[in-house]
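Numbers given in the numbering used here equal positions in the sequence shown, counted from 1, plus 66. Think of the CB as a built atom: it goes at the ideal place given N, C-alpha and C, for glycine as much as any other residue. Please read these numbers as outputs of a predicted model, since none were measured by experiment.
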Amino acid sequence: MKKYLFLFLAIALVVIACQKDEEPYVRFLTTSVALANTGGEEQISFETNSSWVASSSEAWCTITPSRGGASSKSITIKLATNNGYEARTCDVSILAGGVSKTITITQSQKNAIIVSNKNYELSSDSQTLEVGLEANVDVEVIIADDAKGWVSTTATRAMKAKTVTLQIAANKDSDAARRTEVYIKDKASDLQDKLIIVQRGESTTPPGVKVIEGDANSVQHLDVSSDFILRLNGLNNNDVYFVFSNEDLRQSVSLPQLKGNAAIMSKIANRTYFSEPSFVVSGKSTVTEFNNNPPKHLKSGPDKPHYQQQNTSRLAQLGVGSTEYLFDADDKPLLSTVRKEISAHGKNLFVWVADDSWHDGGTKSYKVTQQMVDALAAKFLATGNDNDIYEWVTNATGEHWGPTNKSYYISETDDIHIWLMDIDGDNKTTGTVTLGYYYARDNYRKTSISASNEKLMFTIDAVLFAKPDQGSWSLSHFWPSQMISTLAHEFTHMVYFYQHEVLRSLKSNIAINEMSAQCVEDLVANKILTDGPRGVPYSAPSAGYSGNKEGRLPLYNSYNDYTLLDWSGNENETLTNYSKTYALGSYLMRNYGGAKFIRELLQNNYTGATSIVMAVNANGGSASSYGDVLQQFGAANLLSDKMDMGAGYIFNRGDEWSKSTINGITYNLGSINLYNYWPSPYIYDKLPTSQKPGSNLFYIA
């Protein structure tokens, strides 16, 4: 019995040993695989005696299934589309029992014909045109029948060329341009690309017509009043932009009708109207009108007995807790209390709060607290140097008040007042709101204007100032920070009134007055930590990001053909008034001295456009008229995406501040790229018949 069992085991061992002697193998039954560039699927068959794993060397070639047993004999490969211009290969491997076999998959390229430059604008001379070409197929050149008389090729045979050479005949028989399309085509399919050739005609100059030779690589200023021919060399298919400047501040002008060879290549421009500007402004229309057209030659009424003595005594007793009825812009009295007094730089600041806006007993939706008053006062006036609005603004603009030669003005004083009250009595923080104002009425004595508060005073909306973004109130929140910028803006109006109306008896210009106030906001933005009218974060010297809708400049881009120094009385154009004047002022500061330009503008002995010309020339400019300033400003608009422009054309210094220093205080102005804003600058592609007074108009030919 034991012998038979032993024999059975021996036979079993022999059988097993014979099975281990068969080696694993893999044999592909498919010998080659080639697929089109469009991709697709293909089945690959193979033989093996073991479990197997399949792999691909490229991500664009996938395999299913990726593994199997000895009974599974095929895989399916799937190729993605080949958008490249070269054929590509992939190795597919089968690993079974330590044995690996590989088959190469080939996918064809995407056939292409690419003409490197598709548009050519040529002179009227005969010439050879070398057209750069990329192609991975045999090509031929096809010239339209009606152009074969002036366009020919030196090689029409099939080719895989890097260059196609075209011979262009002279166009001497006409002053009209001629145009054709030349096709570079695949001989074996409908694949093709085309180029457009425009050749100018031989110019014939009519009698009396001025010919101006221009350089396509520079800004060229043309002073013309009749027909002219402009010849530009070296265009190299670049666009040509025209800036039409009308320096007449009162009259519109008719625009010329342009005719040119390049007009055939004109692009289309679409005006985008910016209907929802994202900025708010201060001031009231009645206050603005008074400040810029104040009453003159007033007869000051007789002082009440002991008026001067009583007034001096009243001012001496003024302090925290003092109460008084103050008159708002509508001449309505409102009981108010001094909540803060601070002295610095030889000046005294009194912060008043209307009793109905105070946290204790007030009735407004947002009420003012002592913390808010303390923060506001410290921002406006503080001990030390280079750390408050008072010093930053007066250093850049000049004195806000001093001696006068008219008896109807209040006396020279070291006191400044800020009044927090609900402007318009509307208790609003949304919709149409008034941030604040400076009212020159209060610079007059009561004997001349009975509603005068007889104070150098700014009025700030208390409800807006007290409104936090969320949670506890902070001066850095939106509305409080807007009020800080408003103080700098309105303080500039106070300086302008004193320097122009009082000291020099000059007629005010509303547009320049508002331009100056916005420029000062721009100058101190990174000092008061508020973004300002530029609409770019105050800490950034760069021009910001593309698609920016913040600040004044998006609205200006939509209406860049409006009269710059006209302050429209149309309420629908109020925001446009601010936008266009800031755009001009921001340019002037960045080219002509920054803070020094503003100081000269407010303190020179001129008004209107002349005051701008004089301030420009006092800071390195050489303008003979406002028209010169207008032209350079227009060119700077179109070049604002360039960071290497010379003086007179600078908007954009990249990541570099435009710096100016007065009395040791340095002011920083950030870069501006008008193309970064949305909408971008509007450029006409078809000229209108007329142009507004004192404006620029941009045109692409």
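Is Glu88 helix, strand or coil when you go by DSSP?
Position 22 of the sequence shown, counting from 1, holds the residue named residue 88. The answer is coil: DSSP assigns Glu88 none of H, G, I, E or B.
Residue environment, Asn657, which counts as buried when at least 16 other CB atoms sit within 10 Å
Stepping through the sequence shown from its first residue, residue 657 is reached at position 591. Under this definition Asn657 is a buried residue.
Among all the DSSP beta bridges, which residues are the ones paired with Ile143?
Here the question's residue 143 lines up with position 77 in the sequence shown. Beta-bridge pairing links Ile143 to Glu108, Ile129.
Could you say if the stretch 306-316 and the stretch 694-707 meet the contact criterion of at least three C-beta pairs nearer than 8 Å?
yes
Between the alpha carbons of Trp744 and Leu530, how many angstroms are there, rounded?
Here residue 744 refers to the residue found at position 678 of the sequence shown. Here residue 530 refers to the residue found at position 464 of the sequence shown. The alpha-carbon atoms of Trp744 and Leu530 are separated by roughly 28 Å.
Considering only residues of the same chain and omitting the five flanking positions on each side of Ser111, which have a CB-CB separation below 7 Å?
Mapped onto the sequence shown, residue 111 falls at position 45. Same-chain partners within the cutoff: Leu95, Thr96, Lys139, Ser140.
For Asn453, write down the residues that DSSP places opposite it in a beta bridge.
Taking the first residue of the sequence shown as position 1, residue 453 is located at position 387. Bridge partners of Asn453: none, in fact.
Which residues bound the beta strand (DSSP E) around Phe310?
Start at 1 with the first residue of the sequence shown, and residue 310 comes out as number 244. Element bounds for Phe310: 307-312.
Residues that DSSP places opposite His487 in a beta bridge
As a first step, residue 487 must be located in the sequence shown, where it is residue number 421. Inspection of the sequence shows that residue 487 is occupied by Met rather than by His. Met487 is bridged to Asp527.
Give the range of the beta strand (DSSP E) segment to which Thr172 is assigned.
Here residue 172 corresponds to residue number 106 of the sequence shown, with the count starting at 1. That run of the beta strand (DSSP E) goes 165-173.
Round the Cβ separation of Phe764 and Asn685 to the nearest angstrom and send it over; I've been treating them as touching at under 8 Å.
By one-based count along the sequence shown, residue 764 stands at place 698. By one-based count along the sequence shown, residue 685 stands at place 619. No, Phe764 and Asn685 are not in contact; Cβ-Cβ is about 26 Å, not under 8 Å.
For the alpha helix (DSSP H) holding Asn683, just list the boundary residues, first then last.
Counted from its first residue, the sequence shown places residue 683 at position 617. Taken as a continuous stretch (DSSP letters only), the alpha helix (DSSP H) holding Asn683 covers 674-683.
Helix, strand or coil at Ile515 according to DSSP, with G and I counted as helix
Translated into positions along the sequence shown, residue 515 becomes position 449. Ile515: coil per DSSP, three-state reduction.
Using the DSSP secondary-structure output, state which residues sit across from Pro399 in a beta bridge.
Sequence index remark: in the sequence shown, residue 399 carries index 333 (1-based). In the DSSP output, where bridge partners are listed per residue, Pro399 has Phe393.
Once you ignore the five residues that flank Leu161 on each side, which residues in its own chain have a CB closer than 6 Å to its CB?
Position 95 of the sequence shown, counted from the first residue, corresponds to residue 161. Excluding positions up to five away in sequence, the list reads Val119.
Going by CA-CA distance only, name the one from Gly502, Phe524, Val158 that's closest to Lys350.
As a first step, residue 350 is located in the sequence shown; it is residue number 284 there, counting from the start. With distances taken between Cα atoms, Lys350 lies closest to Gly502.
Does the beta-carbon distance from Val205 to Ile179 come in below 8 Å?
By one-based count along the sequence shown, residue 205 stands at place 139. By one-based count along the sequence shown, residue 179 stands at place 113. In contact: Val205 and Ile179 (Cβ atoms closer than 8 Å).
Spell out a yes or no on whether the stretch 186-196 and the stretch 231-240 are touching, meaning 3 or more CB-CB pairs, one atom from each, closer than 8 Å.
yes
State yes or no: is the C-beta of Pro90 within less than 8 Å of the C-beta of Val165?
Here residue 90 refers to the residue found at position 24 of the sequence shown. Here residue 165 refers to the residue found at position 99 of the sequence shown. A contact, by the Cβ cut-off of 8 Å.
Interface flag, Asp490 vs chain B, CB-CB below 8 Å
In summary, chain B is missing from the structure at hand, where a single protein chain is found.
Following the continuous alpha helix (DSSP H) through Ala443, name the residue where it begins and the one where it ends.
Within the sequence shown, residue 443 is the residue found at index 377, counting from 1. Where Ala443 is concerned, the enclosing alpha helix (DSSP H) stretches over 436-446.
For Leu735, the residue or residues it bridges with in DSSP:
On the sequence shown, residue 735 is found 669 positions in, with the first residue counted as 1. Answer is Ser724.
The beta strand (DSSP E) spanning Val197 covers which residue range?
Locating residue 197 in the sequence shown gives position 131, counting from the first residue. Looking at the DSSP string, the run of the beta strand (DSSP E) that includes Val197 is 193-201.
Whose CA, out of Ser645, Ser612, Lys615, lies closest to the CA of Tyr625?
By one-based count along the sequence shown, residue 625 stands at place 559. For the set Ser645, Ser612, Lys615, the Cα lying nearest the Cα of Tyr625 is the one of Ser645.
8 Å Cβ shell around Ser255 - same chain, five flanking residues per side excluded:
Along the sequence shown, one-based indexing puts residue 255 at 189. If we look at Ser255 and ignore the five residues flanking it on each side, its Cβ neighbours are Asn177, Val203.
Could you name the residues that DSSP lists as bridge partners for Ala100?
Position 34 of the sequence shown, counted from the start, is the residue given in the question as residue 100. For Ala100, which the question treats as bridged, DSSP gives the partners Thr172.
Length of the line joining the Cα atoms of Phe557 and Lys708
Here residue 557 refers to the residue found at position 491 of the sequence shown. Here residue 708 refers to the residue found at position 642 of the sequence shown. Taking the straight line from one Cα to the other gives about 34 Å.
What does a CB cutoff of less than 7 Å around Tyr653 pick up in its chain, not counting 5 residues either side in sequence?
Residue mapping note: residue 653 aligns to position 587 of the sequence shown, counting from 1. Counting only residues of its own chain and dropping the five nearest sequence neighbours on each side, Tyr653 has a CB closer than 7 Å to the CB of Phe699, Ala702, Phe717.
Starting from Gln669, trace the alpha helix (DSSP H) both ways and give me its first and last residue.
By one-based count along the sequence shown, residue 669 stands at place 603. Looking at the DSSP string, the run of the alpha helix (DSSP H) that includes Gln669 is 661-669.
Take Ile484 as the anchor and find which of Leu261, Thr629, Ser431, Tyr456 has the nearest alpha-carbon.
The residue labelled residue 484 in the question sits at position 418 within the sequence shown. Ranking the options by Cα distance to Ile484, first place goes to Tyr456.
According to DSSP, which residues form a beta bridge with Arg245?
Here residue 245 is taken as the residue at index 179 of the sequence shown, counted from 1. Val264.
Measure the C-alpha to C-alpha separation of Tyr510 and His466 and round it to an integer number of angstroms.
Looking up residue 510 in the sequence shown gives position 444. Looking up residue 466 in the sequence shown gives position 400. Rounded to whole angstroms, the gap between the alpha carbons of Tyr510 and His466 is 14 Å.
Suppose you measure from the CA of Ser174 to the CA of Ala102; what does that come to, to the nearest Å?
The count along the sequence shown starts at 1 and reaches residue 174 at position 108. The count along the sequence shown starts at 1 and reaches residue 102 at position 36. The alpha-carbon atoms of Ser174 and Ala102 are separated by roughly 5 Å.
Ile515 versus Asp527 - alpha carbon distance
The count along the sequence shown starts at 1 and reaches residue 515 at position 449. The count along the sequence shown starts at 1 and reaches residue 527 at position 461. Roughly 24 Å separates the two Cα atoms.
Gly617: which of Ile169, Val346, Lys398 sits nearest, CA to CA?
Start at 1 with the first residue of the sequence shown, and residue 617 comes out as number 551. Of the listed residues, the one whose Cα sits closest to Gly617 is Val346.
Does the stretch 582-595 come into contact with the stretch 550-569, if we say contact requires no fewer than three beta-carbon pairs (one atom in each stretch) closer than 8 Å?
Because the criterion of three Cβ pairs below 8 Å is met, the stretch 582-595 and the stretch 550-569 touch.
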